[in-house]
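Numbering (UniProt numbering), first residue to last: 247 to 612. In this text, a Cβ means the ideal position worked out from N, Cα and C, and glycines have one as well. Note that this is a predicted model, so its numbers are computed, not measured.
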Ligand code: F6R
C-alpha cells in the first residue's frame, strides 16, 4: 500500500509528478492554449464577473489560498481576501452581492471550513469548492467546484494535496483571465506550456533527495527554524515552516523576508538555520539583500535557488537547486525540497511522520 516507500508521506511526496499530471488530465491543453474545467460551468460567469473573491480554508489549504490571491490579482485583477475559516465564521463578515467564495479543503470535512461555507451561503454567496475527497461534505455543500484528482492522501502532513490545489487553482485563475481578457495570448501560452512541464521539474527536484537528506542530518537537532520568502514564495515559506513543526516538533516560523526587520531578525544568531526560498524572480535582488542581512548576523542560510544561480551559492551555507520556472508557478516546485527537508529531519528525530502527535487527518471538530 505504501508502494515500496517507508512512509505514506514520502510516497506522496514522490507521487507529485504523477498526481499533478492527474490534476491536469483532460483539463489542460497547452498546445492549443485551452483549459476545460467541467466542474465550473453554471457559475463560470459569476466567477468571471465577481466583484470580490473570498477564499476560505485552514492550514496548508489556506497557504494555497494565499498563492491563489497573488495569482488572481496578477492575472484577473479581482480583489481577493484569504480567510482562516475559523476566524471568518465567528466574525460578522461582509458579504456583498457579486462576491464569490472559494473553499479549499483536501479532506472536504474540515468543520470550520464547512461552517464558514454555510455562513457565506446563508448570506447569498456562491460557493466553489476546491476539494480532493470526492463526495465529501464540503464538495456537497458547494454550488460547483473542481476536484484535485490527486488520489487519496493518507499521511497527515499535506503534500500532494497542496501541489494539487495549486495546479487546480492556477487552471481556474487562468481560465477566468481568458474570459476577462486580462491576459495576453502570448502570456497564457507561456504559462500553460510551463504548467505542462511542472511534473518533469518536480522529478528533477526529487532527484536531489540525497542532498536534502544530508542537509537534514546537519540540522536535525536545531531548536528553531526560520523560513523566508517573498512574493509567490512567501506562502511557500509558511508551508515549509508548517511542515517542519507538525512532523518534527521543531519550532519554525515562516515570514515574508522583508518582515524580518520588524522583529524576527532579533532571533538570528550562529545557531539559527534560516531557509530562504530565493528563486530567480522579480524579487530576486530584494531576497539577495535579505540573505546578506541574515549572514551579517551569522545566521545559517539554507537557500532554495534556481539552477545555475552563481550569486547566492557564494553567500549561502547550503543551496538546493530547483529547475527554472515561471515565477507564478514556482510554488509548485519550490515547496517540494521543503517537504523533503522536513520529512528527513522528522525521521532522524524518530518521529512518526505519518501520524504526528496531537494531529488528525481531518479536523472534524472545531
Ligand atoms: C497540514 C495539514 C493541515 C490541513 C488543515 C486543512 O499538513 O494537514 O494544516 O491542511 O487541517 O485540512 P483540509 O485541507 O482537509 O481542509
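Taking the alpha carbon of residue i as the reference point, which residue from the options has its own alpha carbon closest?
{"i": "residue 604", "options": "493, 525, 593", "result": "493"}
{"i": "residue 339", "options": "501, 364, 399", "result": "364"}
{"i": "residue 387", "options": "354, 287, 397, 249", "result": "354"}
{"i": "residue 546", "options": "472, 532, 501, 509", "result": "472"}
{"i": "residue 441", "options": "572, 526, 482, 456", "result": "572"}
{"i": "residue 358", "options": "334, 527, 375", "result": "334"}
{"i": "residue 256", "options": "420, 285, 598, 481", "result": "598"}
{"i": "residue 449", "options": "526, 586, 438", "result": "586"}
{"i": "residue 527", "options": "488, 521, 548, 553", "result": "553"}
{"i": "residue 474", "options": "611, 538, 468, 444", "result": "538"}
{"i": "residue 485", "options": "522, 567, 297", "result": "522"}
{"i": "residue 424", "options": "290, 559, 578", "result": "290"}
{"i": "residue 498", "options": "577, 470, 550", "result": "470"}
{"i": "residue 451", "options": "596, 579, 322, 479", "result": "579"}
{"i": "residue 542", "options": "516, 284, 610", "result": "516"}
{"i": "residue 457", "options": "263, 590, 250, 608", "result": "590"}
For the alpha helix (DSSP H) containing residue i, list its first residue and its last residue.
{"i": "residue 433", "result": "431 to 442"}
{"i": "residue 473", "result": "Taken as a continuous stretch (DSSP letters only), residue 473 belongs to no alpha helix (DSSP H), being part of the beta strand (DSSP E) at 470 to 475."}
{"i": "residue 545", "result": "Counting along the chain, residue 545 falls outside any alpha helix (DSSP H), and DSSP gives it neither H nor E."}
{"i": "residue 590", "result": "576 to 594"}
{"i": "residue 559", "result": "558 to 561"}
{"i": "residue 520", "result": "Where residue 520 is concerned, there is no enclosing alpha helix (DSSP H), although the beta strand (DSSP E) it sits in stretches over 519 to 523."}
{"i": "residue 415", "result": "406 to 426"}
{"i": "residue 359", "result": "357 to 368"}
{"i": "residue 455", "result": "455 to 465"}
My output table needs one value for residue i: the three-state DSSP class, helix, strand or coil.
{"i": "residue 351", "result": "strand"}
{"i": "residue 604", "result": "coil"}
{"i": "residue 251", "result": "coil"}
{"i": "residue 552", "result": "strand"}
{"i": "residue 498", "result": "strand"}
{"i": "residue 336", "result": "helix"}
{"i": "residue 274", "result": "strand"}
{"i": "residue 386", "result": "helix"}
{"i": "residue 264", "result": "helix"}
{"i": "residue 534", "result": "helix"}
{"i": "residue 258", "result": "helix"}
State the beta-bridge partners of residue i as determined by DSSP.
{"i": "residue 187", "result": "Any question about residue 187 goes unanswered here, given that the chain covers just 247 to 612."}
{"i": "residue 376", "result": "350, 392"}
{"i": "residue 298", "result": "345"}
{"i": "residue 280", "result": "275"}
From which residue to which residue does the beta strand (DSSP E) around residue i run?
{"i": "residue 568", "result": "564 to 568"}
Checklist entry - Is the region 392 to 401 close to the region 409 to 426, with three or more CB pairs under 8 Å? => result yes
Checklist entry - Do the region 427 to 444 and the region 499 to 515 make contact, defined as three or more Cβ pairs closer than 8 Å? => result no
Checklist entry - Is there contact here, the region 297 to 308 with the region 319 to 332, by at least three beta-carbon pairs under 8 Å? => result yes
Item to check | Three CB pairs or more closer than 8 Å across the region 364 to 374 and the region 308 to 317 | outcome: no
Next on the checklist: With a threshold of 8 Å, are at least 3 pairs of Cβ atoms found where one atom belongs to the region 575 to 583 and the other to the region 376 to 391?
Outcome noted: no
Checklist entry - Does the region 340 to 353 touch the region 373 to 380, meaning 3 or more C-beta pairs lie closer than 8 Å? => result yes
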